[in-house]
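Report on the following structure.
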């Protein structure tokens, strides 16, 4: 039975980046956009968020300097990151963060192994089988219903 991940934002990227290899083919991500970070990016735009509150070293991927390197290769433009204090690393713009994440997703085989469903989860139901086994029934707005061993809300 698969692992279902609700949402395709920063938390989902982090989870998939750190999942053991044997779980990737059984992982399913459900998000209304059907794309990594799209719902997150739209939420940032609606709320008028320009820069993240987390530093450039806080990224969903293995390399904590990856975003800094990405920004530096683009010319270290001030629009990509803002220095909030001389004591701390810069805060990235939402745009630079999203572009970096999209580049990482495109480069990584890991994210291609995870099934993405463009839909919305409308119900979760705990099911107990006759032998004492249990699962979670995940119902989508399309009417589709699937069973999962585990569900993570990462929206």
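In this note's numbering, the protein residues as written are 315 to 469.
The beta carbon of each residue, even a glycine, is placed where N, CA and C say it ideally should be.
All values reported here derive from a predicted model rather than from experimental measurement.
Could you name the residues of the same chain whose beta carbon sits closer than 7 angstroms to that of residue 428, not counting the 5 residues immediately before and after it, in chain order?
Residue numbering aside, residue 428 sits at position 114 when the chain shown is read from its first letter. Contacts found: 330, 338, 341 and 343.
When DSSP labels each residue in this structure, what does residue 383 get in the three-state scheme?
If you number the chain shown from 1, residue 383 lands on position 69. Three-state result, residue 383: helix.
Assign residue 429 to one of three DSSP states: helix, strand, or coil.
Within the chain shown, residue 429 is the residue found at index 115, counting from 1. In this structure, residue 429 counts as strand in the three-state DSSP scheme.
Report yes or no: do the segment 371-382 and the segment 402-422 share at least 3 C-beta pairs separated by less than 8 angstroms?
Output reads yes: the segment 402-422 touches the segment 371-382.
Return yes when the Cβ of residue 333 is within less than 9 angstroms of the Cβ of residue 424, no when it is not.
Here residue 424 is taken as the residue at index 110 of the chain shown, counted from 1. Here residue 333 is taken as the residue at index 19 of the chain shown, counted from 1. The answer is yes: Cβ separation under 9 angstroms.
Whole angstroms is fine: what's the gap from residue 460's alpha carbon to residue 388's?
The residue given as residue 460 occupies position 146 in the chain shown. The residue given as residue 388 occupies position 74 in the chain shown. Roughly 43 angstroms between the two C-alpha positions.
Just confirm the distance between the C-beta atoms of residue 366 and residue 317, as a whole number of angstroms; I'd bet it's less than 8 angstroms.
As a first step, residue 366 must be located in the chain shown, where it is residue number 52. As a first step, residue 317 must be located in the chain shown, where it is residue number 3. Contact flag wrong, Cβ pair sits at about 27 angstroms.
Measure the Cβ-Cβ separation of residue 321 and residue 368 and say whether it is below 9 angstroms.
Looking up residue 321 in the chain shown gives position 7. Looking up residue 368 in the chain shown gives position 54. Cβ distance not < 9 angstroms, so residue 321 and residue 368 don't count as in contact.
Would the beta-carbon of residue 430 fall within 9 angstroms of that of residue 362?
Taking the chain shown and counting its residues from 1, the one referred to as residue 430 is at position 116. Taking the chain shown and counting its residues from 1, the one referred to as residue 362 is at position 48. Their beta carbons are not under 9 angstroms apart, which means residue 430 does not touch residue 362 by this criterion.
Can you tell me whether residue 458 is buried or exposed? The criterion is at least 16 other CB atoms within 10 Å of its CB, across all chains shown.
As a working note, residue 458 is residue 144 in the chain shown. Residue 458 comes out exposed.
With a CB to CB cut of under 8 angstroms and the five nearest residues on each side skipped, what residues in its chain are close to residue 335?
Within the chain shown, residue 335 is the residue found at index 21, counting from 1. Contacts found: none.
By a C-beta neighbour count over all protein chains shown, 10 Å radius and 16 as the cutoff for buried, is residue 393 buried or exposed?
Here residue 393 corresponds to residue number 79 of the chain shown, with the count starting at 1. Flag for residue 393 reads exposed.
Considering just the uninterrupted stretch of the beta strand (DSSP E) at residue 451, what are its terminal residues?
Sequence index remark: in the chain shown, residue 451 carries index 137 (1-based). Its beta strand (DSSP E) spans residues 448-454.
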